[in-house]
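Under UniProt numbering, the first residue of the sequence shown is numbered 1, with each subsequent residue one higher.
Even glycine gets a Cβ: it sits at the ideal position worked out from N, Cα and C.
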Amino acid sequence: MMKEDEASVAVAVPGSIHGGVNTPAFLSGFGLRLWNAKLKLQRFLLLACGAVVTALIAVQVFTRYVLGISIFGIEELASFVAVYMYFIGAAHGAWERGHISASLIELLVPEGRVRHAIALVASAITVVLSGWMSLWAWQYLAFTLKRGTMSLEVGIHMGWVHGIMPVCLSLMTLYFAVELLENSTRMFKGSRK
1 MMKEDEASVA VAVPGSIHGG VNTPAFLSGF GLRLWNAKLK LQRFLLLACG AVVTALIAVQ
61 VFTRYVLGIS IFGIEELASF VAVYMYFIGA AHGAWERGHI SASLIELLVP EGRVRHAIAL
121 VASAITVVLS GWMSLWAWQY LAFTLKRGTM SLEVGIHMGW VHGIMPVCLS LMTLYFAVEL
181 LENSTRMFKG SRK
């Protein structure tokens, strides 16, 4: 169970995974089950990608340094799987609010309305930038699909590789929007959490 302190605020939603770190409080029933299923899928894909990258690198090291041969295209495959792992991990990190922050607000501004206002502005900027990057990623995927770009070594259509980028950036935007909603509720309803 997650411990709540001043630095991290969790929304406790019955039935949600991981204490509902960034799970909207208004979700229930089918919506909550769908939200949790999405999170479970993200975690499964992270685990699978980690295992595949590890296996591909292990095979390449074994064949190169023990057998003295190199398997063509294995590094390219490993880098493609790593792209999936990085973007899914970034989306999951946004959900659990594990993203890096260089904010000194907690040190300089005392708890209260000013601090909540700064958090609200910061989260609004984050949503706008994340949404903008999501839009660019969707446009880049459309460009890749239109051009029919293929990878150099193994001939995989790059749409499969670039497709994870807009999906995960859109998930990040969703998670940041949930955080913005909570910050605005905290600001305008005077919640102390």
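C-beta contact flag for residue i and residue j at 8 Å
i      : j      : result
LEU129 : HIS92  : no
ILE57  : ALA78  : yes
ALA124 : LEU180 : yes
GLU153 : GLU76  : yes
CYS49  : ILE74  : no
ILE100 : VAL109 : no
MET133 : LEU169 : yes
LEU135 : SER184 : no
ILE71  : VAL59  : yes
Three-state secondary structure (DSSP) of residue i
i      : result
HIS92  : helix
HIS162 : helix
HIS99  : coil
HIS18  : Note that HIS18 has pLDDT 42, beneath the 50 cutoff, so the model's placement of it is unreliable and the number below is only indicative. HIS18: helix per DSSP, three-state reduction.
Burial state of residue i, where buried means 16 or more other Cβ atoms lie within 10 Å
i           : result
TYR140      : exposed
ALA94       : buried
PRO166      : buried
residue 266 : Coverage of the chain is limited to positions 1 through 193, which leaves residue 266 absent and any answer about it impossible.
MET150      : exposed
PHE176      : buried
ALA55       : exposed
PHE188      : exposed
VAL137      : Strictly speaking, residue 137 in this sequence is Ala, with Val absent from that position. Buried: at least 16 other Cβ atoms inside 10 Å.
VAL161      : buried
LEU39       : buried
Contact set for residue i: own chain, Cβ-Cβ below 8 Å, skip 5 residues either direction
i     : result
TRP35 : SER16, THR23, PRO24, LEU27
TYR65 : none
ARG43 : HIS92
Close-in-space but distant-in-sequence residues of the same chain around residue i (CB under 7 Å, 5 per side omitted)
i      : result
LEU145 : GLY159
Distance between beta carbons of residue j and residue i, contact taken as under 8 Å
i      : j      : result
VAL52  : VAL81  : 5 Å
GLY131 : THR173 : 5 Å
ARG33  : HIS116 : At roughly 32 Å, the Cβ-Cβ gap does not stay under 8 Å, so ARG33 and HIS116 are not in contact.
Cβ-based neighbour list, residue i, same chain, cut-off 6 Å, excluding 5 preceding and 5 following
i      : result
VAL178 : ASN22, PRO24
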